[in-house]
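Numbering (this note's numbering), first residue to last: 247 to 465. Virtual Cβ for every residue (Gly too), placed ideally from N, Cα, C. Quick caveat: nothing in here was measured; it's all calculated off a predicted structure. Shown next, in structure tokens, is the structure this report addresses.
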């Protein structure tokens with residue numbers, strides 16, 4: 247398996263594999279920033295579908311922030327009841343953490359999206375796009391947040407991910423579109439010749455380009 251040249255090339259190849267969603271008025275492409283945005287732009291361009299962002303902030307257990315008790319996105323909040331039960335975190339602590347993370351999410355949303363309202367996802371065919379999946383924690387939070395909005399279909403679309411991680415999404419997504427699933431995974435960046443970090447300004451510019459695409463008014 248040869249690595250992708252860069253995110254744009256990976257996005258174009260991913261878009262080709264999603265061609266059966268082209269020219270539909272019920273499709274919504276959501277990209278996870280920053281790395282997923284170049285791919286999401288290529289997918290939206292090919293499908294003539296609107297593009298927006300899926301911003302995710304983990305809700306870490308107080309004192310053990312690496313342990314996620316849930317996540318918050320612009321589309322809602324999702325809690326992990328098992329972690330909450332085992333950690334003994336009460337509602338007030340959850341709300342305190344959520345309030346802090348919500349403020350950071352809103353700051354990033356304002357920077358990337360301005361004052362646009364979040365799109366309605368109910369009864370839409372939502373395609374979640376990122377530049378790859380490693381552990382799957384962030385994508386899982388994003389997928390659960392979308393699921394809570396009752397879409398007609400949830401598609402997880404990435405260029406590369408390990409098979410063991412993809413298995414975790416079989417019950418969460420209606421369709422998984424992954425171009426490569428190497429057993430020897432190492433890291434997402436290992437599957438790109440150019441995996442340069444994107445700046446906030448690049449994301450902002452890509453979202454401006456997305457606003458000019460055919461289908462951008464279907465949100």
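When the options are compared against residue i, the one with the closest alpha-carbon
i	options	result
residue 293	281, 283, 284 and 273	273
residue 337	307, 285 and 319	307
residue 422	296, 389 and 437	389
residue 360	247, 248 and 457	457
residue 268	347, 290 and 429	290
For residue j and residue i, the rounded distance between their alpha carbons
i	j	result
residue 435	residue 340	34 Å
residue 332	residue 254	42 Å
residue 365	residue 298	8 Å
residue 408	residue 286	20 Å
residue 318	residue 441	27 Å
residue 257	residue 270	19 Å
residue 374	residue 351	18 Å
residue 415	residue 260	18 Å
residue 320	residue 251	31 Å
residue 406	residue 431	9 Å
residue 387	residue 424	18 Å
residue 324	residue 391	6 Å
residue 276	residue 363	14 Å
Min CB distance residue i to chain B below 8 Å
i	result
residue 398	The structure shown contains no chain B; it holds only a single protein chain.
Beta-carbon proximity of residue i to residue j, cut-off 8 Å
i	j	result
residue 283	residue 452	yes
residue 400	residue 420	yes
residue 398	residue 439	no
residue 433	residue 380	yes
residue 446	residue 404	no
residue 384	residue 278	yes
residue 395	residue 461	no
residue 334	residue 326	no
Check: Is the segment 342 to 352 touching the segment 262 to 269, taking contact as three or more C-beta pairs under 8 Å?
Finding: no
Item checked: Length-filtered (4 minimum) alpha helix (DSSP H) runs lying within the segment 345 to 395 -> 383 to 393
Check: What are the uninterrupted segments assigned as beta strand (DSSP E) that are 3 or more residues long and contained completely in the segment 385 to 465, given in chain order?
Finding: 399 to 406 and 421 to 426
Notebook entry, point to check: What are the uninterrupted segments assigned as alpha helix (DSSP H) that are 4 or more residues long and contained completely in the segment 279 to 319, given in chain order?
Noted result: 283 to 293
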